[in-house]
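Student: Going by our numbering, the first residue of the sequence shown is number 6, and it counts up by one from there.
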Amino acid sequence: MTESTLLPPRILIQRPGSGDGIETSVHNLPKPLLREFRHVFQDEYLKRPEINVPIATAGEEMVLIAIPTNQRAREDLVAVGDHIEQEKDRLLNVFISFGREVSERIRGKGYWADFIDPCSGLPMMTPNCNKVYSEVDGMECLLNYKSYNAGFCKILTHPKWGSAVYPATIFAHCPISVAMEVIQSYDVIQQ
Ligand code: B12
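Have a look at this one:
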């Protein structure tokens with residue numbers, strides 16, 4: 006738990022029975038992250054809502070929200086080889102599916118949301134953005150996880166899984182209740 010935490014990390018599953026758990030939490034943006042968010046997305050996020058906001062949430066304050074996710078990898082991602090590449094593809098697919106679904110559900114309610122492509126570090130749904138978002142810096146700031154340097158790449162370490170962790174983040178601009186409702190609709194795996 007950090008000061009920015011609105012909903013602490015819990016392991017969710019997108020499709021019951023799939024076994025692909027994804028640790029997810031909901032946060033306000035602390036100052037350093039807010040500065041970085043503006044570099045990455047500029048003011049593209051202000052271009053929504055472009056449709057009428059639902060009456061249920063119309064009076065609520067709009068807030069910038071980060072939804073960091075971490076998946077436990079079956080391999081240490083710092084190693085190299087075909088099996089690592091295969092594992093990274095699996096983790097990528099699990100996140101893209103989850104990130105897209107969460108973003109589309111928030112967008113479906115009339116608000117802005119987007120997620121970072123883990124391969125490039127660039128926003129997936131917002132056009133005209135070319136600044137890379139650092140997942141490692143983001144997780145350090147939001148979750149207080151630690152990192153180390155592996156050559157050119159900064160590597161995150163999860164408190165339980167070490168560097169067998171695959172970080173990726175979703176962002177939203179909406180009332181807190183909207184983001185909470187979407188995230189709380191997923192099943193939680195007991196740890
Ligand atoms: C591009 C990339 C690479 C590139 C280049 C890396 C580079 N640094 O140029 C290459 C292909 C080489 C690479 C290699 C690897 N990578 Co890589 N890579 C990335 C990627 C997509 C972006 C990293 C990046 O460019 N960061 C640097 C940029 C964003 O920051 P910067 O300009 O240096 O600094 C800015 C920030 O610090 C910012 N800032 C300042 N203060 C603050 C505060 C906050 C709060 C924030 C948010 C930002 C911020 O300001 C600075 C200036 O603008 C990330 C995913 C991601 N989105 O983070 C994965 C990622 C870091 N890579 C990963 C991995 C696993 C690897 C490899 C180990 C894979 C492998 N098995 O070979 C190797 C490492 C090999 C090596 N020794 O380098 C994983 C790490 C997993 C983990 N546990 O942390 C990540 C997170 C991808 C993932 N989701 O799994 N990678």
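Virtual Cβ for every residue (Gly too), placed ideally from N, Cα, C. Computed from a predicted structure; not experimentally measured.
Tell me where the alpha helix (DSSP H) around D87 begins and ends.
Tutor: Numbered from its first residue, the sequence shown carries residue 87 at position 82. Looking at the DSSP string, the run of the alpha helix (DSSP H) that includes D87 is D87 to G113.
Student: What residue from E49, D94, Q19 and V193 has the CA that sits closest to F176's CA?
Tutor: Taking the sequence shown and counting its residues from 1, one reaches residue 176 at position 171. When only C-alpha atoms are compared, the closest one is E49.
Student: Return the bridge partner residues of G126 from the DSSP annotation.
Tutor: Residue numbering aside, residue 126 sits at position 121 when the sequence shown is read from its first letter. DSSP lists no partner for G126.
Student: Could you give the distance in angstroms between the alpha-carbon of S152 and the alpha-carbon of P37?
Tutor: On the sequence shown, position 147 is the one that residue 152 refers to. On the sequence shown, position 32 is the one that residue 37 refers to. C-alpha separation (whole angstroms): 17 Å.
Student: Can you list, in chain order, the residues of its chain with a C-beta nearer than 7 Å to that of F42? Leave out the 5 residues immediately preceding and following it.
Tutor: The residue given as residue 42 occupies position 37 in the sequence shown. Counting only Cβ-Cβ distances below 7 Å, and skipping sequence neighbours, we find L34, L69 and F176.
Student: Sorry if obvious, but does the Cβ on D142 come closer than 7 Å to a heavy atom of ligand 1?
Tutor: Along the sequence shown, read from residue 1 onward, the residue named residue 142 stands at position 137. Indeed, a heavy atom of ligand 1 lies less than 7 Å from the Cβ.
Student: Check whether the Cβ of C134 lies closer than 7 Å to any heavy atom of ligand 1, and answer yes or no.
Tutor: Locating residue 134 in the sequence shown gives position 129, counting from the first residue. False, no ligand heavy atom lies under 7 Å from that Cβ.
Student: List, from N- to C-terminal side, the beta strand (DSSP E) runs of 3 residues or more that fit wholly inside the stretch 146-187.
Tutor: 151-155, 158-162 and 170-179
Student: Would you mind working out which of P14, E8 and S9 sits nearest H163, comparing C-alpha positions?
Tutor: The residue given as residue 163 occupies position 158 in the sequence shown. Here the closest residue by C-alpha is P14.
Student: At what residues does the alpha helix (DSSP H) containing V45 begin and finish?
Tutor: The count along the sequence shown starts at 1 and reaches residue 45 at position 40. It spans K36 to F46 - the alpha helix (DSSP H) in which V45 sits, taken as one unbroken run.
Student: I need the boundaries of the beta strand (DSSP E) containing G26, first residue and last residue.
Tutor: Mapped onto the sequence shown, residue 26 falls at position 21. G26 to N33 is the extent of the beta strand (DSSP E) around G26.
Student: Does the distance from the C-beta atom of K159 to that of V141 stay below 8 Å?
Tutor: To locate residue 159, count along the sequence shown from 1; it is residue 154. To locate residue 141, count along the sequence shown from 1; it is residue 136. Yes, the Cβ-Cβ distance between K159 and V141 is below 8 Å.
Student: Output the boundary residues of the beta strand (DSSP E) element that contains T131.
Tutor: Mapped onto the sequence shown, residue 131 falls at position 126. Looking at the DSSP string, T131 is not in any beta strand (DSSP E), and its letter there is neither H nor E.
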